[in-house]
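Report on the following structure.
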Amino acid sequence: MSSWWQFGEGSGQFGTDLALYQIKCAFCNEAGNFELTHRETKQKPNSRKVLNFDTYKCGNCANFVMIFWSPSEDRVSGHGLHDYIATPWPKGIRDGEDYWPTAARRHWKQAHSNLNNSNYDAAALMARSALQVITRDKGATGNTLYEEIEILATSGVLSPTIKDWSHEVRELGNPVAHANPDDDETSAEDAEDIVKFLDFLLKYLYDLPKQINDYRSRRNPQEDEE
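Going left to right, the sequence shown walks through residues 19 to 244 as the working numbering numbers them.
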């Protein structure tokens, strides 16, 4: 594309109306819930081609997104194409690894999503929930999360450092999991820490063993030949 006047010509989305339903708010990840607050347009001389410079307000979190878009010049009664660029865009969040426990992966993703959206209580709660899924996946049978962590440490599943990390996740998530009316909101710093601790734990218990097993699988054929 040598000129912005070619934007939306020959490629893009079907239809000549902006596909708002596809656009997600960068702050809350809500899709398609926008109200147009401002529009500037620029028309190509001696042409039907129009460039739109829009500002939309999210109906969920009240933040804004700027969208540059344009329908194709040869549109007829809504038939044609258009293309758009939205900024800012949502920060990508991975789905987690398929060899993690399913519930832990779900809670981990929700912890990261809530952290990105500044929902710090929810981030802490989801991180703690993921921790409890992990301890039970590893065979802990205590009556409390504290006991489950100690059982895994005693059995050698958790090293002393990882045990300490696990207790940090538990302690930071406890005020939300066992909430009282006068509890303070989880701080941004605590929420970031608890999610980082969860990342470390998943890497230690699942990612590193998987990488070691993959390495051994690659080595075995060579060892057999020797």
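We put the CB at the ideal spot given by N, CA and C, even for glycine. From a predicted model like this one, the values you see are computed outputs, not experimental measurements.
Under the criterion of beta carbons closer than 8 Å, Ala158 and Leu170 qualify as touching, at roughly 5 Å. Secondary structure note for Pro178: it is in no beta strand (DSSP E), and the uninterrupted alpha helix (DSSP H) holding it is Pro178 to Ala195.
When the alpha-carbon of Phe86 is set against those of His100, Ala80 and Asp208, the nearest one is in His100. Taking C-beta separations shorter than 7 Å and ignoring five residues to either side along the sequence, the partners of Ala145 in its chain run Ala129, Val187, Gly191, Ile212, Val213 and Leu216, following chain order. Thr159 carries a coil assignment under DSSP once its states are collapsed to helix, strand and coil. With fewer than 16 other Cβ atoms inside 10 Å of its own Cβ, Trp107 counts as exposed.
Tyr117 is classed as exposed because its beta carbon has fewer than 16 other beta carbons within 10 Å across all chains shown. Ranked by Cα distance from Phe25, the first of Phe218, Thr204, Ser90 and Ser136 is Ser90. A residue is called buried when at least 16 other Cβ atoms come within 10 angstroms of its Cβ; Tyr233 does not meet this threshold and is exposed. Closest by C-alpha distance to Leu220, out of Gly28, Arg124 and Asn238, is Arg124.
In this structure, Pro119 lies near Val151, with their beta-carbon atoms less than 8 Å apart.
The continuous alpha helix (DSSP H) containing Asn132 extends over residues Thr120 to Asn134. Asp35 sits away from Arg57, with the two beta carbons spaced by 8 Å or more. Residue pairing for Leu99: DSSP places it in a beta bridge opposite Phe32. In the DSSP assignment, Val83 falls outside any alpha helix (DSSP H) and lies within the beta strand (DSSP E) extending over Phe82 to Pro89. Within 10 angstroms of the beta-carbon of Lys67 lie 16 or more other beta-carbons, which makes it buried.
Boundaries of the alpha helix (DSSP H) around Leu216: Ala206 to Leu220.
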